[in-house]
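First up is the structure itself, then whatever we jot down about it.
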Amino acid sequence: MVNNNLFFIAKVFLISAVVSFFIKYVLSNFNLLNQTDLALPIVLTPTVIFFVVLMTKKIREIKG
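Mind the numbering: the sequence shown is residues 10 to 73 in my numbering, read in order.
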């Protein structure tokens, strides 16, 4: 059980690193020019992704 939890945390950490890398290096190549409307969605995207991942995992555990 502990091994599964550690593996899941490692996967979440890896996905977080990939998303952060994508936001920092890939999105910076686009010319966004002072478009502050995009700031909130860009900042909240990793949180939403992890929420969906964790909820999906929890639902699968409940269903058995």
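Beta carbons are placed, not taken as given, at the ideal position from N, Cα and C, and that holds for glycine. In this text, all values refer to a predicted model and were calculated from it rather than measured experimentally.
CB-CB length for residue i against residue j, believed under 8 Å
i	j	result
valine 62	valine 21	7 Å
lysine 66	phenylalanine 17	7 Å
Terminal residues of the alpha helix (DSSP H) in which residue i lies
i	result
lysine 72	48-72
C-alpha gap between residue i and residue j, whole angstroms
i	j	result
leucine 23	leucine 49	23 Å
isoleucine 32	arginine 69	29 Å
asparagine 38	threonine 56	23 Å
tyrosine 34	threonine 45	18 Å
leucine 117	phenylalanine 59	The structure shown does not extend to residue 117, since the chain is modelled only from 10 to 73, so the question has no answer here.
leucine 53	serine 25	12 Å
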